[in-house]
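Read through the structure below, which is laid out as structure tokens, and then see the notes.
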Amino acid sequence: MPTGSAEPPTNSNWDFSKGLQFLEPSTSNLPANAQFQTQTENNEGCPDEASQSSVPQPPPQKRRNNNYDYNLDYLVKRDAMQQLRANTATEIEDDIALFGNYVKAVLRKLHPRMTIQAKNDLYNILSEYEVKQLDMQERTRDKYI
Numbered sequence: 001m002p003t004g005s006a007e008p009p010t011n012s013n014w015d016f017s018k019g020l021q022f023l024e025p026s027t028s029n030l031p032a033n034a035q036f037q038t039q040t041e042n043n044e045g046c047p048d049e050a051s052q053s054s055v056p057q058p059p060p061q062k063r064r065n066n067n068y069d070y071n072l073d074y075l076v077k078r079d080a081m082q083q084l085r086a087n088t089a090t091e092i093e094d095d096i097a098l099f100g101n102y103v104k105a106v107l108r109k110l111h112p113r114m115t116i117q118a119k120n121d122l123y124n125i126l127s128e129y130e131v132k133q134l135d136m137q138e139r140t141r142d143k144y145i
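Numbering (full-length UniProt numbering), first residue to last: 1 to 145.
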């Protein structure tokens, strides 16, 4: 019985057959003239198959079949980061280095004339302590002689 549409008739008595038709493979009829090229179309923009095959394809990237290289790289990077952290931690923990950095920052902020005076005062104070250290060493050496 013709339905008047291009849809093929269904011969199923099952109620849900129409709702589940999307599961069946669809057979769409393309128009007959879509398979053929018309005379008005232009082929100048389309490359030939021969020219496409003459272009060398880049070689495929090498895939890693195992994770050994990746794990090794990760461990090397992790060890380098731990070593860097350990080095910076020892530098930060040094009180004398911290004090030296502080003195350096303060001296750079001062006026040039005040910088000269501060450096002179610091040299005098440090030389006093060096002399005291030498005196203490001489006294301890004289005790044991």
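Heads up, the beta-carbon is just placed ideally off N, CA and C, and yes, glycines get one too.
(message) In chain order, what are the residue ranges of uninterrupted alpha helix (DSSP H) at least 4 long that sit wholly in the stretch 79-140?
(response) Runs of the alpha helix (DSSP H) inside the stretch 79-140: 95-109.
(request) Output the distance between the C-alpha atoms of Val76 and Ala86, rounded to the nearest integer angstrom. (result) 15 Å
(message) I believe Leu107 touches Lys119 by the beta-carbon criterion, under 8 Å. Please report the beta-carbon distance rounded to the nearest angstrom.
(response) 7 Å
(request) Would you kindly work out how many angstroms separate the C-alpha atoms of Glu24 and Pro59, rounded to a whole number? (result) So the alpha carbons of these two residues sit roughly 41 Å apart.
(message) Out of Thr88, Glu138 and Phe99, which one is the CA nearest neighbour of Leu122?
(response) Phe99
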